[in-house]
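In the order they appear, the protein sequences are chains A and B. Under the working numbering, the first residue of the first sequence carries the number 1, and numbering increases by one thereafter. Under the working numbering, the first residue of the second sequence carries the number 112, and numbering increases by one thereafter. Worksheet for the structure shown next.
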Amino acid sequence: LAKTTQPISMDSYEGQEVNITCSHNNIATNDYITWYQQFPSQGPRFIIQGYKTKVTNEVASLFIPADRKSSTLSLPRVSLSDTAVYYCLVVSNTNAGKSTFGDGTTLTVKP
Amino acid sequence: DAGITQSPRYKITETGRQVTLMCHQTWSHSYMFWYRQDLGHGLRLIYYSAAADITDKGEVSDGYVVSRSKTENFPLTLESATRSQTSVYFCASSEDGDQPQHFGDGTRLSIL
């Protein structure tokens, strides 16, 4: 099962683009990469999921290189409300219950 | 409204007591999960279920029991609560094992 490694914390300023990288060296062929956001006193919320190359939705982009050993969540033009903990998760149908959230990356956006 | 609901939201109990946390989802998702989150840390998987009557242990299952007789419900029971089980408990569901999980609002459990 692929374990993930993320920076513990990051700081940014409003309006900047933020990139959070996740390392998953042991990712398997059938694994997907999923990112979640969590605010204090709330459950995590799904942001984006991808398998390879680039995925974009209305809130974020996910970049996955060809070897898939890492991925980068990109948040364009962050605001104060993007201050949260971000988790990278590697999931698959064959190991659905074995994915671990880790401690995530605490992003602090400053004015 | 469709969604996933946990009850109770807050619970205080004493060491040695049995306590059950409830989780109900209206999407008919196959997979359901229970996590615990200790202060300042990430989520750790307690148990998960791939379908009714199919459950499996996560990384921190000792002291917990689950059942899933119906697709929509996934109760978590602490058979004899200990102080170390004081935590916030989150339930989640997903359409399939590799699909995004949808989380409830959590149950904050304190064991005195």
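Positions of the beta carbon are idealized from the N, C-alpha and C atoms, including for glycine. Bear in mind that the values here come from a model prediction, so they are computed numbers and not experimental data.
Discussion item. DSSP three-state label for S41 of chain A, please.
Written reply: coil
Worksheet item: Which residues in chain A sit within 7 angstroms of G174 of chain B, going by Cβ to Cβ distance?
Response: By Cβ distance, chain A contributes nothing, its closest Cβ being about 18 angstroms from G174 of chain B, past 7 angstroms.
Discussion item. By DSSP's criteria, F185 of chain B is part of a beta bridge. Which residues make up the other side?
Written reply: Bridge partners of F185 of chain B: none, in fact.
Discussion item. Cβ closer than 9 angstroms: which chain A residues qualify as neighbours of A192 of chain B?
Written reply: The contacting residues do not exist; A192 of chain B stays about 22 angstroms from chain A at best.
Discussion item. Considering Cα atoms alone, identify which of B:P119, B:Q129 and B:Y146 is closest to G102 of chain A.
Written reply: B:Y146
Fill in: Backbone CA spacing between T106 of chain A and G153 of chain B [nearest angstrom]
11 angstroms
Discussion item. Here's the rule: buried if 16 or more other CB atoms are within 10 angstroms of the residue's CB, otherwise exposed. What is T218 of chain B?
Written reply: buried
Worksheet entry | Interface residues of the region 83 to 110 of chain A facing chain B [CB-CB below 9 angstroms] | V85, Y87, L89, V91, S92, N93, T94, N95, A96, G97, K98, S99, T100, F101, G102, D103 and G104
Worksheet item: Using CA coordinates, which residue listed in A:V59, A:D67 and A:S79 is at the minimum distance from E14 of chain A?
Response: A:S79
Item to complete: Please report the residue range of the beta strand (DSSP E) in which W145 of chain B lies.
Response: Y142 to Q148
Worksheet item: Are the beta-carbon atoms belonging to Q212 of chain B and F46 of chain A less than 8 angstroms from one another?
Response: yes
Item to complete: Rounded to whole angstroms, what's the CA-CA distance from I33 of chain A to K181 of chain B? Just pull it up for me.
Response: 29 angstroms
Fill in: Contact between the region 76 to 94 of chain A and the region 189 to 202 of chain B (3+ Cβ pairs under 8 angstroms)
no
Discussion item. On the CB-based measure, 16 or more other CB atoms within 10 Å of its CB, does P39 of chain A come out buried or exposed?
Written reply: Residue 39 of chain A is actually Phe in this sequence, not Pro. When all chains shown are included, F39 of chain A counts as exposed.
Item to complete: Report yes or no: do three or more beta-carbon pairs, one from the region 169 to 185 of chain B and one from the region 54 to 73 of chain A, lie closer than 8 angstroms?
Response: no
Worksheet item: What does Q37 of chain A touch in chain B if you count any residue whose Cβ is under 8 angstroms from its own?
Response: Those do not exist, as Q37 of chain A stays about 11 angstroms from chain B at its closest Cβ, beyond 8 angstroms.
Worksheet item: Along the chain, where does the beta strand (DSSP E) that runs through K3 of chain A open and close?
Response: Looking at the DSSP string, K3 of chain A is not in any beta strand (DSSP E), and its letter there is neither H nor E.
Worksheet item: Would the beta-carbon of G151 of chain B fall within 8 angstroms of that of G43 of chain A?
Response: no
Item to complete: Classify Q49 of chain A as helix, strand or coil using the three-state DSSP reduction.
Response: strand
Worksheet item: Closest Cβ-Cβ distance between T34 of chain A and chain B: below 8 angstroms?
Response: yes
Discussion item. Please tell me whether Y159 of chain B and D167 of chain B are closer than 8 angstroms, where the distance is taken between their beta carbons.
Written reply: Against a cut-off of 8 angstroms, the Cβ pair of D167 of chain B and Y159 of chain B comes out as a contact.
Practice prompt. Compute the Euclidean distance between the alpha carbons of M133 of chain B and P76 of chain A, then round it to the nearest angstrom.
Written response: 38 angstroms
Worksheet entry | Beta-carbon proximity list for G127 of chain B, same chain, < 6 angstroms, skipping 5 on both sides | S191
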